[in-house]
Every structure is written in structure tokens, then in C-alpha cells.
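Residue numbers (my numbering): 4 to 349.
Structure, rendered in C-alpha cells:
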């Protein structure tokens, strides 16, 4: 991809995200989502590999269907109430259709099938954008309309996403697919709390974005695409692999790391809202995710491959890694002591 094309697609992605998160009108929000979709497709298909082209087609079809459903739900609501404002969703059918459309865009269960396949078909940097930046506009729309959504439907989707994200990640060997199911699981946590404490949903998303960015950049620096490559990645950058292990444990939500903060606050808020069964179920289901994060951490630092590899021995990398990885890693591991200050800011 030429530098000009890369610049154009990056700026379009930022423009589409900005339009959607700052709009108050359904048509403007829909326009921003469409710009986002059209900007990310060249990034997915840039390698011209059949798998990448397949991923781009899958992404386009799912996003186009979700955008059409979103437009249809907003038009139905405008027809019945005369309001095009995002916060004025009063028609129950429109609310249901809009929830389905946003769940398709986010990759919530049961509309998650496209997400792991698309991530597997693209590069690590594009997979990072798909897991973080492109989730922000639909999540913002869900946040703005949260007061008119169906609590039972959202809670069901949240529990199903947490369960499936943990369950399906257990037998994966490709790091991109594992991180895709990790994303689905974290979205389940966000969907569980969005009705009761929307600001906590945003805090969870920000911390998840920071930790996932760290993991993706580290994997990209060591060119790790599967577990077998992860077993010998310690020979390229031992210190980077050690911090990767800590970041993965933080993503799993283990104290005293940063990732424990959002899960702790979500469980506390659900208990305060007298939703103790929901809190207990998603806490138990997070143990599934903890298992495959521990497996990743174990592979990244402790094990060697049980058999001899067919490729050349990997030695320490001479090229310096990205300078942004250091502050991101520190933040992904050490922010828990600052939790009172973070809570005061929200």
C-alpha cells in the first residue's frame, strides 16, 4: 500500500469515528459508520492474499447489513415519533432492531461469527484497529441509547458473549483468533454494565484498548502469529516477552494489575444494583478466559517447543522495538494503585 493511500485511509478512519461519536442525528451517525467501513476495507485486503480478500468481503457484508438495519431502525423510529435524535428512541421495535444492528457491528454473541475470521485473515496492525478503534463508534451509539434498551436482552447477550469468548478461546492456536475471542469476552463485560453505569463502560473500553494495543504491538514486534512461534519468541526479545506475560495476566483481570480494576468495579456495581446472579455468572465465566491467558503467558516465557523446528534459530533482534510499547506496557500493568484518582475523574 502506497503512503498516500495509507494516509487517506487512516484519515478517513479517524474522520468516520469522529463524525459518529460527535453526532446527534441518526443520519450523521450512519454516515460516519459507512466512512469507517469503507476506510478499513483496503487495510484488510492490502496483502492481496486470498484469505485477506475473503476477510474483507466478510467484513463488508456484515457491516453493510448492520448499517442497513441501523438505518431502518432509525427511520422506523422517526416515522413513529418524528424524532431523528439519537437519544430519542421511543419505538420498542426500533430499539430492538438497533440493538441487533449495533451487536452485529461490535461482534457480540450471537452475531460474532465474522469477527475471529476477519481478524485471522488480516495483519496484526489491522487486527489491532478492528479490535479497538472501530469498536468505539458502535459502543458510543449503544451508550447514547442505553436508557431505552431492553435490559433482559442486553444481559443475555453479555453473559453469552462472556461465556463464548472464554469457551472458544480455549482450543485456539492462532494468536489473532485468541485475541478476537478475548475482545468478544470483554465486550460482554461492557454490555453487562452499560445500562447501570455508562461511564464505567467507557473506562473499561479505554483500559481494554490500552492493554490490547500493548499485546498486539508486542506480537507484531516479535512477528508472533501462533503459539508455536510464541514458544521461541523469547530468543528475539527476552525483556519484551516478560512484559508480554504481565500484560496478558493484566488482560485476564488478575490483581494487582491494571486489568483487575474494571472487572472489580463492574462486579461491585452489579451487586449494588441487586444483580448478584449476573455478577456471579460473569465472574465464573471469566475463569475460562483466565485459562487461555495463562496458557499464552506460559508459552511466551516458560516453555520451549517440544520438537525441533524446521526454520533457522531465532537470535536477539537487532532492530529496536517501537518506543510506544514501553509506556503502554507500564500503564497496562501498574495503574491499579492510581484507581482512586481514576474513579474521581469519572
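No residue lacks a Cβ here, since even glycine has one placed at the ideal position from N, Cα and C.
- Each residue's CA atom was taken as its position, placing residue 108 and residue 220 some 24 Å apart.
- Put simply, the backbone Cα of residue 283 is about 30 Å away from that of residue 133.
- By a beta-carbon distance limit of 8 Å, residue 139 does not contact residue 261. Their separation comes to about 20 Å.
- Within the same chain, and ignoring the five residues on either side of residue 202 in sequence, the residues whose Cβ sits closer than 8 Å to its Cβ are 349.
- Secondary structure at residue 272: helix, using DSSP grouped into helix, strand and coil.
- Residue 57 places its beta carbon less than 8 Å from that of residue 124.
- Bounds of the alpha helix (DSSP H) holding residue 140 are 139–147.
- If you draw a straight line from the Cα of residue 49 to the Cα of residue 345, it is about 39 Å long.
- CA-CA distance, residue 299 to residue 75, rounds to 42 Å.
- Annotated three-state conformation of residue 229 is strand, per DSSP.
- In this structure, the alpha-carbon of residue 85 lies about 17 Å from that of residue 148.
- Here the C-alpha atom of residue 213 lies approximately 27 Å from the C-alpha atom of residue 70.
- In the DSSP annotation of this structure, the continuous segment of the alpha helix (DSSP H) that includes residue 25 starts and ends at 6–25.
- Excluding five sequence positions before and after residue 87, the CB atoms of its chain that fall closer than 6 Å to its own CB belong to 28, 29, 81, given in chain order.
- Between residue 102 and residue 66, the beta carbon gap of about 17 Å keeps them out of contact (Cβ cut-off 8 Å).
- Take residue 293, set aside five residues on each side of it, and the residues of its chain with a beta-carbon closer than 6 Å to its own are 255, in chain order.
- According to the DSSP assignment, residue 103 belongs to the alpha helix (DSSP H) that extends over 95–109.
- Residue 303 and residue 236 have their C-alpha atoms some 7 Å from each other.
- For residue 91, the three-state secondary structure derived from DSSP is coil.
- Around the beta carbon of residue 160, 16 or more other beta carbons sit within 10 angstroms, so the residue counts as buried.
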